[in-house]
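Just so you know, the sequence shown maps onto residues 6 to 340 in the working numbering.
Just so you know, even glycine gets a beta-carbon here, dropped at the ideal spot from N, CA and C.
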Amino acid sequence: MSEAVAFLLQGGFDAVFSPLYWLLDLWSVLMSWLAGATGLKLLQYEFMHRAILVGLCIGVMAPLIGTFLVHRQLALIGDALAHTAFAGVAVGLFLNAVIDLGVSPYLTAVIVAMLAALLIELISEATDAYNDVSMAIVLSTGFALGTTLISINAGGLTVSVEQYLFGNLSTVTTQAAAILLVLFAIIIAVVAVTRNQLLYVTFDETAAAVSGLSVSWYNRIMVMLTALVVVGAMQIMGVILVAAMLVVPVAGATQVSRSFSEALLVSVVLAELSVILGIAVAFYAGATAGGVVVLVAVAIYALAVIAGKLQTVIGETARPKMDSIDAEATEQPGD
6 MSEAVAFLLQ GGFDAVFSPL YWLLDLWSVL MSWLAGATGL KLLQYEFMHR
56 AILVGLCIGV MAPLIGTFLV HRQLALIGDA LAHTAFAGVA VGLFLNAVID
106 LGVSPYLTAV IVAMLAALLI ELISEATDAY NDVSMAIVLS TGFALGTTLI
156 SINAGGLTVS VEQYLFGNLS TVTTQAAAIL LVLFAIIIAV VAVTRNQLLY
206 VTFDETAAAV SGLSVSWYNR IMVMLTALVV VGAMQIMGVI LVAAMLVVPV
256 AGATQVSRSF SEALLVSVVL AELSVILGIA VAFYAGATAG GVVVLVAVAI
306 YALAVIAGKL QTVIGETARP KMDSIDAEAT EQPGD
């Protein structure tokens with residue numbers, strides 16, 4: 006029975022995602038051509054083709070959502086949802102080991118993370134608890150569930166969870182990359198449709214509620230989008246480091262930007278730089294990709310802080326000179 010269910014699930018998955026497999030093959034052809042043209046070793050391997058594509062998608066969708074979260078002071082929600090996504094991975098591994106379901110752990114991670122995102126909002130609304138309290142409760146519960154399921158030796162469940170905790174370039178499968186592309190498309194589409202409403206709720210919830218917007222509904226949209234980003238980024242970043250890509254590039258962008266839109270654009274650029282440089286360094290150094298990407302992102306953040314301070318100093322230095330020039334220009338002849 007379980008084999009039949011697994012066959013149907015896998016067949017349905019392949020039918021839905023077959024166009025994405027074709028797209029991934031096309032991407033691999035492009036990367037192989039670049040490898041021949043540039044001689045770069047990291048572009049010669051198919052698993053690196055998928056890792057780079059996943060990284061580029063993460064570099065867009067993480068700061069896209071993270072910019073809203075940082076301005077709403079919800080930076081730690083990514084960490085909470087990452088730990089519950091780990092519980093989702095554990096559920097998938099458990100079901101595969103016990104009943105041979107054959108489902109991707111990343112699919113179960115998506116479901117569990119989105120349920121956890123809704124639970125955070127429901128706890129806050131039902132108990133009037135602060136968001137950090139509801140996040141702490143969900144984080145603890147999710148990680149406890151994950152570790153419990155992993156530790157149970159039911160049906161020969163013996164798996165290495167290191168790739169889910171710390172990320173791994175070589176474990177980005179074709180199926181996982183296809184799931185990430187779907188998550189990427191959903192996130193971009195939802196933000197494009199609801200951007201103005203999310204922006205309104207982010208900066209003034211009271212005014213948004215008075216204007217007739219359902220603040221609770223858009224809050225739920227935001228946390229569910231965060232859950233999707235977390236599961237997608239978990240493939241490379243791992244559970245422990247995934248929240249960094251939601252926060253660090255955005256924090257760097259705010260140091261050198263003067264508006265929300267500018268901060269959003271700059272944060273994407275910084276995130277892409279962090280991912281590309283981090284993956285390259287991790288490949289050639291034989292290090293864990295997630296850790297290297299975060300270290301690169303923090304280094305870029307430090308440079309952004311310095312650049313922001315220099316902008317302030319230069320601006321303050323130039324202002325008295327401009328004031329003096331304006332004063333001289335307004336002086337009347339003969340005064």
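For R200, the enclosing alpha helix (DSSP H) begins and ends at 179–208. With respect to the 8 Å criterion, A197 and V206 are not classified as neighbours on the basis of their beta carbons. The shortest C-alpha to C-alpha distance from A292 to any of G172, T113, L186 is the one to G172. Taking 8 Å as the upper bound for CB-CB distance, M242 and V298 are in contact here, some 7 Å apart.
Within its own chain, the residues whose Cβ lies closer than 7 Å to the Cβ of V59, once the five positions on either side in sequence are excluded, are V177, A182, L185, Q240, I241, listed in chain order.
The criterion of a C-beta distance shorter than 8 Å is satisfied by A248 and G83. Here P24 is exposed: its Cβ has fewer than 16 other Cβ atoms, across all protein chains shown, within 10 Å.
DSSP, reduced to helix, strand and coil, places I157 outside both helices and strands of the structure shown, so it counts as coil.
Between S109 and G93 the beta-carbon gap is near 11 Å, outside 8 Å, which marks them as no contact. G283 counts as buried, since at least 16 other C-beta atoms from the protein chains shown sit within 10 angstroms of its C-beta. Burial check for S279: the Cβ neighbour count within 10 Å reaches 16 or more, so the residue is buried. An exposed status is given to F208, since fewer than 16 other beta-carbon atoms sit within 10 Å of its beta-carbon. Bounds of the alpha helix (DSSP H) holding R225 are 220–246. Judged by beta-carbon spacing, A90 lies within the 8 Å limit of V236, meaning their Cβ atoms are closer than that value.
Apart from sequence neighbours up to five positions away, the residues of its chain that approach L233 with a beta-carbon distance below 6 Å are L188, I192, ordered along the chain. The Cβ atoms of S272 and V261 do not sit closer than 8 Å to each other. DSSP places L45 outside both helix and strand once states are collapsed to three, so it counts as coil.
For A95, the enclosing alpha helix (DSSP H) covers residues 82–104.
DSSP places A56 in the uninterrupted alpha helix (DSSP H) bounded by 51–76.
When the alpha-carbon of I142 is set against those of I125, L81, S37, Y223, the nearest one is in I125. The beta carbons of A131 and L86 sit no closer together than 8 Å. Distance from the CA atom of G151 to the CA atom of V253, rounded to whole angstroms, is 26 Å.
In this structure, A67 lies near A276, with their beta-carbon atoms less than 8 Å apart. Of the candidates T153, V65, M227, Q180, M227 places its Cα closest to the Cα of N201. Take Y169, set aside five residues on each side of it, and the residues of its chain with a beta-carbon closer than 8 Å to its own are F91, V94, P110, M239, G243, V244, in chain order.
By the criterion of a C-beta distance shorter than 7 Å, H54 is surrounded in its chain by W32, S33, M36, once the five residues flanking it on both sides are discounted.
Taking the Cα of I157 as reference, the smallest distance to any Cα among L315, V220, V103, L69 is reached at V103. Of the candidates R225, A114, I311, L174, A114 places its Cα closest to the Cα of F148.
Nearest C-alpha to Y26 among A118, G64, T179, S145: T179.
Between A287 and L174, the beta carbon gap of about 7 Å places them in contact (Cβ cut-off 8 Å).
Judged by DSSP secondary structure, V274 falls within the alpha helix (DSSP H) whose first and last residues are 265–290. The criterion of a C-beta distance shorter than 8 Å is satisfied by L123 and R225. With a 10 Å radius around the Cβ and a threshold of 16 neighbouring Cβ atoms, T231 comes out buried.
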